[in-house]
Structures are given as C-alpha cells and as structure tokens.
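Engineer: Under the numbering used here, read the sequence shown as residues 391 to 595, first letter to last. Where a beta carbon is used, it is the ideal one built from N, C-alpha and C, also for glycine.
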Amino acid sequence: MKRSLSAIFFISIMSFFMVGCATMRGVDSDVTAFYQWGAAPPGPGTTFRFERLPSQRVVGAQQDYVEGLTRTALARVGMQADPAAVRYSVQVMVNTQVVERLPYDQPGYDGFGFATPGVFLGGFSSGASVGLSLPMRFSEPYYRRELTLLMRDLASGQVVFETHALSDGAQSETLRVLSAMLDAALSGFPQPLAGPRRINVQLPR
391 MKRSLSAIFF ISIMSFFMVG CATMRGVDSD VTAFYQWGAA PPGPGTTFRF
441 ERLPSQRVVG AQQDYVEGLT RTALARVGMQ ADPAAVRYSV QVMVNTQVVE
491 RLPYDQPGYD GFGFATPGVF LGGFSSGASV GLSLPMRFSE PYYRRELTLL
541 MRDLASGQVV FETHALSDGA QSETLRVLSA MLDAALSGFP QPLAGPRRIN
591 VQLPR
C-alpha cells in the first residue's frame, strides 16, 4: 500500500510540473502595424540596412544582438541586408521593464492550492483519490517588453512601414522572446491586416 501511494504521489508531482512547463512554449504579442508604400510594396530580395539612434550607438553590443535577430526575422519575410545596394533603412527599438510581482500577486490573493504543502487522500463511492497540494505565491520577475520597427524609404526619406509589438510574461529568455516578438511584428508583411492583433508565436523547444 505504501509503495502504491508513493507511486501515485510521484505521478501527481510529475503531472503538475509537466502541465506547468507545457504552458511556456509560446509568446503572445499585441501587434499594431501601419504601411504606406506609395508604389509597389517590397518583393523578395529587397535590400535594407540598419539605422541607429545616437543612444543605440552607445550600447553597441546590445543593439548588435537586437539587429541580428531582426535581420533573421526580415530574411524570413524576404528582405535582404545589403549596405552596398540599399533601398530601405530599418530602425528597431526595444524596451524591457522588469516588474517584481506578477499582476495577480496582489494583497488578498494567496495563490492556489491549500495553505500548506502535502498530499491529500479522499474516498469516494468509486474508490480512492489522491491529490497534490502546493501553495503558490509568485515572486519571480515579470517582464514587459515593447518592440518598435520602422522602415524608411531612402529615396524619399519617408517612413513607409511601422510596426509595434507588446508582450508581457514570466519568460526570462529575452533573446528567444524578442525573436518571437519580431516574427509577430512582421506577420503579414509587407501588407499586414489593419488594427490591433494578438499573435502567438511558438518558441523552439
């Protein structure tokens, strides 16, 4: 009997954490995009180069990572980085804020589960049941990330494409999350749907 209860307890723990991990495979982003190409929108192989603000030049290494992710995301929608024969400039800005408490970790909310950890057993007419109780209060950082990408026609100097993505969550893997946000921000490029959209991008396992 003790061995059976131990096995049930182990399965309960594994099921609990497997369900928790399964919910962290995607990134949700709220995206709003605008475009005004004037002539025909850019086709496959259209060239671009990056443009930086003075503040972005100061943090060069950090911006290098962001632009590397952006280059990869733009390649997936047909754009090609080529500073020698360039048609558009691309400027990408990222802002990350760390919030110490999750939105639902407020006074008066004690998480979920019972007050103390343990295993509870119950008997019903159909047999016995077993459950796992883990009191949950989250105190890990909560991240709010904003991304803006602007594309400028170098011939006219006009911004012809603008997209914004906002994502928040507990995922701490900033580069992987930014990669997903870029894919979301460029969804439908070069002529995305008008209005706000919520886009889910799955993270590579």
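1. With H, G and I counted as helix, E and B as strand and the rest as coil, what does DSSP make of residue 546?
2. Locate the alpha helix (DSSP H) running through residue 423, then write down its first and last residues.
3. I need the boundaries of the beta strand (DSSP E) containing residue 456, first residue and last residue.
4. Which whole-angstrom value describes the C-beta separation of residue 490 and residue 531, a residue pair presumed to lie in contact below a C-beta threshold of 8 Å?
5. Decide yes or no for the touch test of the region 545 to 564 against the region 440 to 454: beta carbon pairs closer than 8 Å, at least 3 of them.
6. Between the alpha carbons of residue 435 and residue 575, how many angstroms are there, rounded?
7. How many Å lie between residue 569 and residue 588 at the Cα?
8. For residue 472, is the classification buried or exposed, using 16 other Cβ atoms within 10 angstroms of its Cβ as the cut-off for buried?
9. In the DSSP output, which residue or residues are listed as bridge partners for residue 540?
10. Within this structure, are the beta carbons of residue 484 and residue 579 separated by less than 8 Å?
11. Which residue wins for smallest C-alpha separation from residue 432, given the options 581, 585, 534, 486?
12. Just to confirm, is the Cβ distance from residue 584 to residue 419 under 8 Å?
13. Who are residue 534's beta bridge partners in DSSP?
14. Which of the three DSSP states is assigned to residue 587 in this structure?
15. Would DSSP call residue 446 helix, strand or coil?
16. Quick one: is residue 544 buried, meaning 16 or more other Cβ sit within 10 Å of its Cβ, or exposed?
17. For residue 515, count the other beta carbons within 10 Å of its own beta carbon; 16 or more makes it buried, fewer makes it exposed. Which is it?
18. Alpha carbon to alpha carbon, how far is residue 446 from residue 592?
19. Quick check on DSSP: helix, strand or coil for residue 475?
Structural biologist: Walking through what the data contain:
1. coil
2. Per DSSP, residue 423 belongs to no alpha helix (DSSP H); it is in the beta strand (DSSP E), 416 to 425.
3. Counting along the chain, residue 456 falls outside any beta strand (DSSP E), though it belongs to the alpha helix (DSSP H) covering 450 to 466.
4. 6 Å
5. no
6. 19 Å
7. 16 Å
8. exposed
9. 481, 552
10. no
11. 581
12. no
13. 487, 558
14. strand
15. helix
16. exposed
17. Confidence in residue 515 is poor, its pLDDT being 47 and thus under 50, which makes the residue's placement unreliable; the coordinate value appears in the next sentence. Exposed, by the Cβ-count rule.
18. 29 Å
19. coil
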